[in-house]
Amino acid sequence: FYRPHMPWQVPRKYYDMYPLDKIQLPKVSDDDLDDVPPAGVKMAKPTGDHAKILKTDNWRYSVQAYLASIAFADVQVGRVLDALDASPYAKNTIVVLWGDHGWHLG
Numbered sequence: 003f004y005r006p007h008m009p010w011q012v013p014r015k016y017y018d019m020y021p022l023d024k025i026q027l028p029k030v031s032d033d034d035l036d037d038v039p040p041a042g043v044k045m046a047k048p049t050g051d052h053a054k055i056l057k058t059d060n061w062r063y064s065v066q067a068y069l070a071s072i073a074f075a076d077v078q079v080g081r082v083l084d085a086l087d088a089s090p091y092a093k094n095t096i097v098v099l100w101g102d103h104g105w106h107l108g
């Protein structure tokens, strides 16, 4: 599964699950990046994804898109697990999921 990786483009119904007026923005402390390795800081500043979000004032839209992408991925994982449960392989299959990082958007 590629989602919830960027670009956060999923069907509209998943965005509709998270109305913009209900989005709570995460609190970000001034020292938030102090414990991040240099490569991570480079991604965030000065021209990384985080900087673009702040510059364009798209924080609320970004959180909505991230949540929509997570919901979309969750449904797709559910479909696979349902199909597995209905198959003869359900008893001898191990499913492992992992991610490369998180956005910590609340």
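Quick note on the numbering used here: the sequence shown kicks off at 3 and runs consecutively.
Cβ coordinates follow ideal geometry from the N, Cα and C atoms, glycine included.
None of these values were measured; they are calculated from a predicted model.
Practice item. Keeping to the same chain, check which residues put their C-beta closer than 6 Å to that of Ala73; ignore five residues upstream and five downstream. Key: Tyr16 and Met19
Practice item. Ignoring anything shorter than 4 residues or poking outside the region 40-86, list the alpha helix (DSSP H) runs there in chain order. Key: 40-46 and 51-57
Check your understanding: Would Lys44 pass as a contact of Ala53 if the rule is Cβ separation under 8 Å?
Key -> no
Review point. Counting along the chain, where does the alpha helix (DSSP H) carrying Arg14 start and finish?
Key: Arg14 to Asp18
Check your understanding: Which same chain residues, not among the five before or five after Val12, have their C-beta less than 7 Å away from its C-beta?
Key -> Arg5, Ala70, Ser71 and Phe74
Review point. Between Pro90, Gln66 and Gly42, which lies nearest to Trp10 when the distance is taken from Cα to Cα?
Key: Gln66
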